[in-house]
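Asks: Below: one structure in structure tokens.
There are 2 protein chains.
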Amino acid sequence: MKIIQYPEKQEWDSLLSRPDQDQEEIRNSVSQILEDVKKNGDVALQKYTKALDGVQLDNIKVSDEEMDAAAGKLDDALKEAIRMAAANIEKFHAAQKGEETSVEVIPGLNCWQKPVPIDSIGIYVPGGSAPLFSSVLMMALPARVAGCNNIILTTPPDKEGGVHPAILYAARQSGVNKIYKVGGAQAVAAMAYGTESILRVNKIFGPGNRFVTLAKQLVSMEGVAIDLPAGPSEVLVVADDQAPPRFIAADLLSQAEHGTDSQVLLLSASERLLEDTRREIENMLKELPRKDIAEKALEYSRLILLSNMDEIMDMVNCYAPEHLILATENATELSRQVRNSGSVFIGNYTPESLGDYTSGTNHVLPTNGYAVSHSGVNLDAFVKKITFQRASQDGLGNIGESTMTMARAEGLEAHSMAVQVRMENKSG
Amino acid sequence: MKIIQYPEKQEWDSLLSRPDQDQEEIRNSVSQILEDVKKNGDVALQKYTKALDGVQLDNIKVSDEEMDAAAGKLDDALKEAIRMAAANIEKFHAAQKGEETSVEVIPGLNCWQKPVPIDSIGIYVPGGSAPLFSSVLMMALPARVAGCNNIILTTPPDKEGGVHPAILYAARQSGVNKIYKVGGAQAVAAMAYGTESILRVNKIFGPGNRFVTLAKQLVSMEGVAIDLPAGPSEVLVVADDQAPPRFIAADLLSQAEHGTDSQVLLLSASERLLEDTRREIENMLKELPRKDIAEKALEYSRLILLSNMDEIMDMVNCYAPEHLILATENATELSRQVRNSGSVFIGNYTPESLGDYTSGTNHVLPTNGYAVSHSGVNLDAFVKKITFQRASQDGLGNIGESTMTMARAEGLEAHSMAVQVRMENKSG
Chain A
1104 MKIIQYPEKQ EWDSLLSRPD QDQEEIRNSV SQILEDVKKN GDVALQKYTK ALDGVQLDNI
1164 KVSDEEMDAA AGKLDDALKE AIRMAAANIE KFHAAQKGEE TSVEVIPGLN CWQKPVPIDS
1224 IGIYVPGGSA PLFSSVLMMA LPARVAGCNN IILTTPPDKE GGVHPAILYA ARQSGVNKIY
1284 KVGGAQAVAA MAYGTESILR VNKIFGPGNR FVTLAKQLVS MEGVAIDLPA GPSEVLVVAD
1344 DQAPPRFIAA DLLSQAEHGT DSQVLLLSAS ERLLEDTRRE IENMLKELPR KDIAEKALEY
1404 SRLILLSNMD EIMDMVNCYA PEHLILATEN ATELSRQVRN SGSVFIGNYT PESLGDYTSG
1464 TNHVLPTNGY AVSHSGVNLD AFVKKITFQR ASQDGLGNIG ESTMTMARAE GLEAHSMAVQ
1524 VRMENKSG
Chain B
1104 MKIIQYPEKQ EWDSLLSRPD QDQEEIRNSV SQILEDVKKN GDVALQKYTK ALDGVQLDNI
1164 KVSDEEMDAA AGKLDDALKE AIRMAAANIE KFHAAQKGEE TSVEVIPGLN CWQKPVPIDS
1224 IGIYVPGGSA PLFSSVLMMA LPARVAGCNN IILTTPPDKE GGVHPAILYA ARQSGVNKIY
1284 KVGGAQAVAA MAYGTESILR VNKIFGPGNR FVTLAKQLVS MEGVAIDLPA GPSEVLVVAD
1344 DQAPPRFIAA DLLSQAEHGT DSQVLLLSAS ERLLEDTRRE IENMLKELPR KDIAEKALEY
1404 SRLILLSNMD EIMDMVNCYA PEHLILATEN ATELSRQVRN SGSVFIGNYT PESLGDYTSG
1464 TNHVLPTNGY AVSHSGVNLD AFVKKITFQR ASQDGLGNIG ESTMTMARAE GLEAHSMAVQ
1524 VRMENKSG
């Protein structure tokens, strides 16, 4: 890990660049899977599950017995932690509930906007070495709070054809209606098109590898909504002299252990802080079970020395980090200068881990610079807002002439006529 | 126009189907334009403008003189109408302003979500026979209300290299910073990648033809946000016996005049209303300047007789119309049953034209069934919502153990360590 000292502004772009994600090479195989599932339904799902997950399944739906058995297989401490996290996530997302906004625009003309839940939601949870039950909570709970009717979940089966009990337990805590043992691009296809056993959904959520991400992007061009395209996870830490280097080192390491392509940045105006943090990282790295992954990610980490807090916040907003930790004296004040980020962690006692699991904020966040224009998953992601308007005969009288003038200026005579026939009508 | 009587539920899907939009055939040419503009900037823009719009431009930026001259070229009535519409649009979108939502999740742990404006917005306004100045208002005004810093606009030049004064006037009323004379996929490319003269933006808005729509979808896969994929415009009218057939006929015609692929549906439980409306359409059609377009669209219109209001509302929600007109006795009550639609027009005196121009609601709405999962353009479309969290040392104490339990269960040891090093720290 090298410390980069006072880079010039014209170097920022290359300094802050993210790894290229070339999807062209997998495009054909993903398109083929989508096509196959669209045409052949469950038969195609079973074929891919056998080929890619190495297990032959007679029934892809998780049974009631499997659901019931899950709780018995977990520690009480873990179950309690999951319930506590669920309560916090539910509370924070419930606070986002929007009211109908209603305006009498002019006398006799009322307009309002009403949030209406999306009917059917599909959630993807990746497989792999660890069961990502926290992601189940992050996607299913806001869907339940929003009032979505159907919440289904797909996840690849393990070699024995099972699903980790923590995923099943989290799903039951979150109101998931049905769980299917299918992963990868084929799971996305199943939720997008529907099969004999899987309901076609209106919107697909969830992280995944390149295949899953591309599959989501491709089905989104056919009319199914998606949450966010997922990229490698990122943290940017801003720290000053008062921040304990051991805290910062642990935060950087917890990002680095996610994957070898994780993005880890530390910005400071204090050379001492950067040096001390680097030393702490080297010490703490030894203790980690996922040491190899973290070490690889840290090779590409960037510890950057800048002149002052203004320059630092400039770079923060330029990079638009998924996670931003502000470990500075005046962190709350500083947080008001954040214009581009997914989620912000303020002060010395707010590690990113809280947002990943328990604080109640969502951990499905924009990566790869998407934070300049995208929110993380929140309650809005599970509703659409429908507008309504109602004019009385007088209301139309107040606005009709202007409407006709504009319609005619755009060459749309029938639009004008639709107003005129009503204004000519003397009854009503 | 044939009246379809009491269709069986299994026929609904084919009855409500929309025209296929095959984009594969134009994919190569759009990709090539994107690539060219990315590489060659303004030179490429000028090349395409000459080839496709038939005009050679030395300067693609609209000058201050052109802006100043615009108002003088317009009727006072039109200028007044534009200002009135602008005031209503501004009022309705300002009412959507969300507050920071803040929650003390547990003692010592605060989480909040804050809307922050997207910095740079690009708006596309199509050219063609009529100047769509109303679309300028619909996209630029909410951007200004949201507080976006840069609002730029692209639109193809006419044969003389000019832009219609109504577009320029509407742009000035709405706080657009800069206007460029460039259209088609090349305009989308310019806003997505930036050129020597055009600022790269964070999000692109605006309707357009197939080339523009595909260009927007393609750049969205490279990280630029977009509003909605645009399809042919749609209206679905629900009417009962009390609705004047002449009003309904005018509404259907105003949709039909948009384009030959416009989608026009009328649902009723009254055969008389359907018959009378059909007759009115035939009479009124003769008077229309855009008769040929409307006639063609009406060939594919669907007048459907159903058994009762429940079945009608079922079909409404199944179709998810961009525009929905409820011309029934109990229209306000009925509107509460709407689950899928872009914008709803209630009662006999609320023609769609109001929403297209003056009522204040947005006219950029989800087509092609996207209303099941997407909102129309609203204030949310111009902000992202960033989450923040701050734990005190006690707050972390209340939640730390659970966080560590969950992190370890997901195999993420460093995530646990980031909590542990803080909990072990006795100072603070």
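From first to last, the protein sequence lines are chains A and B. Those letters in the first sequence? Residues 1104 to 1531, per our numbering, in order. Those letters in the second sequence? Residues 1104 to 1531, per our numbering, in order. Where a beta carbon is used, it is the ideal one built from N, C-alpha and C, also for glycine. Computed from a predicted structure; not experimentally measured.
In whole angstroms, what is the alpha-carbon distance linking GLY1230 (chain B) and ALA1510 (chain A)?
Replies: Roughly 16 Å separates the two Cα atoms.
Asks: Mind pulling the chain B residues with CB within less than 8 Å of ASP1354 (chain A)?
Replies: ALA1521
Asks: Three Cβ pairs or more, each shorter than 8 Å: is that satisfied between the stretch 1449-1467 of chain B and the stretch 1478-1497 of chain A?
Replies: Yes: the two stretches touch, three or more of their Cβ pairs being nearer than 8 Å.
Asks: Does DSSP put MET1403 (chain A) in a helix, in a strand, or in coil?
Replies: According to the sequence provided, residue 1403 (chain A) is Tyr. The question's Met does not apply to it. Coil at TYR1403 (chain A), not helix or strand.
Asks: Alpha helix (DSSP H) containing PHE1195 (chain A): first to last residue?
Replies: In the DSSP assignment, PHE1195 (chain A) falls within the unbroken alpha helix (DSSP H) covering 1179-1197.
Asks: Have a look at the DSSP bridge pairing and note the partners of TYR1227 (chain B).
Replies: B:THR1257
Asks: In the stretch 1308-1342 of chain A, which residue ranges form an unbroken alpha helix (DSSP H) of at least 4 residues, counting only runs that do not cross its ends?
Replies: 1313-1323
Asks: Quick one: which residues of the stretch 1446-1457 of chain B get their C-beta closer than 9 Å to a C-beta of chain A? List them in chain order.
Replies: So the list reads SER1446, VAL1447, PHE1448, ILE1449, GLY1450, ASN1451, TYR1452, THR1453, PRO1454, GLU1455, SER1456 and LEU1457, given in the order they occur along the chain.
Asks: With C-beta atoms as the reference, is LEU1356 (chain A) less than 8 Å away from ILE1106 (chain A)?
Replies: No, the Cβ-Cβ distance between LEU1356 (chain A) and ILE1106 (chain A) is not below 8 Å.
Asks: Examine the Cβ distances between the stretch 1278-1289 of chain A and the stretch 1133-1152 of chain A and report whether three or more of them are shorter than 8 Å.
Replies: yes
Asks: Beta carbons nearer than 7 Å to chain A: which residues of the stretch 1408-1439 of chain B have them?
Replies: THR1435 and SER1438
Asks: Nearest to LYS1430 (chain B) by alpha carbon, out of B:VAL1338, B:ALA1198 and B:MET1170?
Replies: Note that residue 1430 (chain B) is Ala in the sequence shown, not Lys. Residue B:VAL1338 is the option with its Cα nearest to ALA1430 (chain B).
Asks: Take GLU1183 (chain B) as the anchor and find which of A:THR1508, A:GLY1458 and A:GLU1516 has the nearest alpha-carbon.
Replies: A:THR1508
Asks: Using the beta-carbon of each residue, which ones in chain B are nearer than 8 Å to GLY1157 (chain A)?
Replies: Per Cβ cutoff of 8 Å: no residues; GLY1157 (chain A) is ~21 Å from chain B at best.
Asks: Output the residue ranges of the alpha helix (DSSP H) runs that lie fully inside the stretch 1346-1433 of chain B and measure 4 residues or longer, sorted by chain position.
Replies: Runs of the alpha helix (DSSP H) inside the stretch 1346-1433 of chain B: 1348-1359, 1374-1388, 1394-1402 and 1412-1422.
Asks: Do you know offhand how far GLU1436 (chain B)'s Cα is from ASN1481 (chain B)'s?
Replies: 24 Å
Asks: Enumerate in chain order the residues of its own chain whose CB-to-CB distance from MET1241 (chain B) is below 8 Å, with the five nearest sequence positions on each side excluded.
Replies: ILE1192, ASN1465, HIS1466, VAL1467 and VAL1480
Asks: Answer with yes or no whether the minimum CB distance from LEU1244 (chain B) to chain A is below 8 Å.
Replies: no
Asks: Assuming ILE1221 (chain B) and LYS1319 (chain B) make a contact with CB atoms under 8 Å, what is their CB distance in whole Å?
Replies: Actually they are not in contact, since the Cβ atoms of ILE1221 (chain B) and LYS1319 (chain B) sit about 16 Å apart, beyond 8 Å.
Asks: Hey, is MET1104 (chain A)'s beta-carbon within less than 8 Å of any beta-carbon in chain B?
Replies: no
Asks: Anyone know if the C-beta pair for ILE1255 (chain A) and GLY1225 (chain A) falls short of 8 Å?
Replies: Contact flag set, yes.
Asks: By Cβ distance below 7 Å, which residues in the same chain neighbour GLY1144 (chain B) in space, the five residues on each side in sequence not counted?
Replies: THR1298 and GLU1299
Asks: What is the rounded straight-line gap between the Cα of GLY1334 (chain A) and the Cα of ASN1471 (chain A)?
Replies: Per the coordinates, the alpha-carbon of GLY1334 (chain A) lies some 6 Å from the alpha-carbon of ASN1471 (chain A).
Asks: Return the chain-ordered list of same chain residues with a C-beta closer than 6 Å to the C-beta of GLY1531 (chain B), the five sequence neighbours on each side being excluded.
Replies: Residue placement at GLY1531 (chain B) is poorly supported in this model, since its pLDDT is 46, which falls under 50; the coordinates still yield a value, given next. Here the set comprises GLN1496.
Asks: For ALA1494 (chain B), write down the residues that DSSP places opposite it in a beta bridge.
Replies: B:LEU1212
Asks: Within 8 Å of any Cβ in chain A, is that where the Cβ of GLU1516 (chain B) sits?
Replies: yes
Asks: Determine whether the Cβ of ARG1247 (chain B) lies closer than 8 Å to any Cβ atom of chain A.
Replies: no
Asks: Which same chain residues, not among the five before or five after VAL1219 (chain B), have their C-beta less than 8 Å away from its C-beta?
Replies: VAL1486, LYS1487, LYS1488 and ILE1489
Asks: Thinking C-alpha only, which one of B:ASN1451, B:PHE1448 and B:ASP1364 is nearest ARG1313 (chain B)?
Replies: B:ASP1364
Asks: Where DSSP assigns a beta bridge to ILE1301 (chain B), which residues make up the other side?
Replies: Per DSSP, none; premise fails for ILE1301 (chain B).
Asks: Nearest CA to the CA of MET1104 (chain B): which residue from B:LEU1388, B:ALA1198, B:LYS1142 and B:ILE1270?
Replies: B:LEU1388
Asks: Between SER1456 (chain A) and HIS1518 (chain B), how many whole angstroms is the CB-CB distance? I'm expecting something under 8 Å.
Replies: 4 Å
Asks: Measuring only the C-alpha atoms, how far is PRO1469 (chain B) from VAL1522 (chain B)?
Replies: 45 Å
Asks: Terminal residues of the continuous alpha helix (DSSP H) containing TYR1151 (chain B)?
Replies: 1127-1151
Asks: Check the C-beta distance from GLN1216 (chain A) over to GLU1203 (chain A) and give it rounded, since I have them as a contact under 8 Å.
Replies: 7 Å
Asks: Among A:ASN1411, A:ALA1173 and A:ASN1131, which has the Cα closest to the Cα of VAL1266 (chain A)?
Replies: A:ALA1173
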